[in-house]
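Every number in the numbering used here is 52 more than the matching position in the sequence shown, counting from 1. These notes are about the structure you will find just below.
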Amino acid sequence: MRHEETSAGLTSALFAAKLSHMRYAVPTGAPIDLPVQPRPASWNKSGDPDQVRLGEFLSGIDRLVRLRLEALPDPLALRLDVGLPAKTPLLVHHDLDNYLLPLVAHLTRKTGRRFASAWATKRTSPTSSLQIARARPLRGDAATGQLHMVRTSASSQSVGFKQQIHDQLSDADPLPEGPVALHLSFAVGPQRNWTNLWKPTIDALERYSAELRRIAPGTRETGVSSNSACTARSIRRCATTS
Numbered sequence: 053m054r055h056e057e058t059s060a061g062l063t064s065a066l067f068a069a070k071l072s073h074m075r076y077a078v079p080t081g082a083p084i085d086l087p088v089q090p091r092p093a094s095w096n097k098s099g100d101p102d103q104v105r106l107g108e109f110l111s112g113i114d115r116l117v118r119l120r121l122e123a124l125p126d127p128l129a130l131r132l133d134v135g136l137p138a139k140t141p142l143l144v145h146h147d148l149d150n151y152l153l154p155l156v157a158h159l160t161r162k163t164g165r166r167f168a169s170a171w172a173t174k175r176t177s178p179t180s181s182l183q184i185a186r187a188r189p190l191r192g193d194a195a196t197g198q199l200h201m202v203r204t205s206a207s208s209q210s211v212g213f214k215q216q217i218h219d220q221l222s223d224a225d226p227l228p229e230g231p232v233a234l235h236l237s238f239a240v241g242p243q244r245n246w247t248n249l250w251k252p253t254i255d256a257l258e259r260y261s262a263e264l265r266r267i268a269p270g271t272r273e274t275g276v277s278s279n280s281a282c283t284a285r286s287i288r289r290c291a292t293t294s
């Protein structure tokens, strides 16, 4: 069976401050095949079928990886490869951050362990897989495409946060046609709940949304992002001492 995979070309690094930081490489190793298809976040009321399916998926993942998590030292990395049914338009809906956020939040809440790096891809495939490994430093500069460094001072839950990012990217070159990958790195304090930075940061990249909606499936990639047209995304925590 042919598995169609697509990916993405915008590389973005966003930093909360100009501090020393560690960037992490994509996790490698033997993935765990998942018995069910991953479920995205749901904002429906409690008891809604989408909420029930998400809860069942997360409970199953917890049982599947608990021993693995207990055996691994910090820092932790996670990679989710989402398999979607054949003929699924990969660049429409199925936002990867919506798959990552509930999974990372659930595992952190259940185990007390935090993740320094989270990755996701989507493809047409009958199977999905998950990797949990020790986060490894990125050797050298693997950045390709556009690289942007942004500093924010507003609350991530405010309109000002998104506006600061948008304004600092106002001179960025338009994206060429084709699949894109989005890589985000955050430099934050060790106790910061950095997962609540993901969605407002990605939402702030609306400058690129018109380009992303026009993207057609193409080649393979690895990574994470939140725009529907991004089929590969990575989100990394760049830990600091402040």
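Glycine is no exception: its CB is placed at the ideal position from the N, C-alpha and C atoms.
Determine the extent of the beta strand (DSSP E) in which residue i is found, giving its start and end residues.
{"i": "residue 183", "result": "181-186"}
{"i": "residue 239", "result": "232-240"}
Among the candidates the options, whose CA atom is the shortest distance from the CA of residue i?
{"i": "residue 225", "options": "257, 206, 210", "result": "257"}
{"i": "residue 176", "options": "254, 136, 198, 209", "result": "136"}
{"i": "residue 124", "options": "253, 242, 188, 247", "result": "188"}
{"i": "residue 234", "options": "223, 167, 253, 145", "result": "253"}
{"i": "residue 143", "options": "236, 211, 232", "result": "232"}
{"i": "residue 86", "options": "112, 198, 255", "result": "112"}
{"i": "residue 223", "options": "198, 157, 180, 147", "result": "198"}
{"i": "residue 119", "options": "152, 174, 185, 151", "result": "185"}
{"i": "residue 153", "options": "106, 179, 209, 219", "result": "106"}
{"i": "residue 241", "options": "218, 158, 168", "result": "168"}
{"i": "residue 158", "options": "190, 218, 215, 121", "result": "121"}
{"i": "residue 243", "options": "126, 216, 166", "result": "166"}
{"i": "residue 174", "options": "156, 190, 108, 131", "result": "131"}
{"i": "residue 74", "options": "190, 80, 97", "result": "190"}
{"i": "residue 170", "options": "84, 255, 237, 221", "result": "237"}
{"i": "residue 180", "options": "103, 109, 78, 216", "result": "109"}
Name the DSSP bridge partner or partners of residue i?
{"i": "residue 174", "result": "134"}
{"i": "residue 167", "result": "128"}
{"i": "residue 85", "result": "181"}
{"i": "residue 189", "result": "76"}
For residue i, count the other beta carbons within 10 Å of its own beta carbon; 16 or more makes it buried, fewer makes it exposed. Which is it?
{"i": "residue 245", "result": "exposed"}
{"i": "residue 72", "result": "Here the model assigns residue 72 a pLDDT of 42, short of 50, so the residue's position is not dependable and the matter cannot be decided."}
{"i": "residue 239", "result": "buried"}
{"i": "residue 172", "result": "buried"}
{"i": "residue 249", "result": "buried"}
{"i": "residue 88", "result": "exposed"}
{"i": "residue 139", "result": "exposed"}
{"i": "residue 115", "result": "exposed"}
{"i": "residue 211", "result": "exposed"}
{"i": "residue 82", "result": "exposed"}
{"i": "residue 183", "result": "buried"}
{"i": "residue 100", "result": "exposed"}
{"i": "residue 126", "result": "exposed"}
{"i": "residue 80", "result": "exposed"}
{"i": "residue 208", "result": "buried"}
{"i": "residue 26", "result": "Absent from the structure is residue 26, since the part of the chain shown begins at 53 and ends at 294."}
Going by DSSP, what residue range makes up the alpha helix (DSSP H) through residue i?
{"i": "residue 149", "result": "148-163"}
{"i": "residue 123", "result": "101-123"}
{"i": "residue 204", "result": "Per DSSP, residue 204 belongs to no alpha helix (DSSP H) and is neither H nor E."}
{"i": "residue 255", "result": "250-255"}
{"i": "residue 211", "result": "211-220"}
What do you reckon, is the C-beta of residue i under 7 Å from a heavy atom of the ligand SAH?
{"i": "residue 225", "result": "What this structure holds is no ligand at all, so the ligand SAH is not there to describe."}
(request) Taking 8 Å as the threshold, find out whether the region 154-171 comes into contact with the region 200-211 through three or more Cβ pairs. (result) With the cut-off at 8 Å, the region 154-171 and the region 200-211 do not touch.
(request) Report yes or no: do the region 87-107 and the region 147-154 share at least 3 C-beta pairs separated by less than 8 Å? (result) Short answer: they touch.
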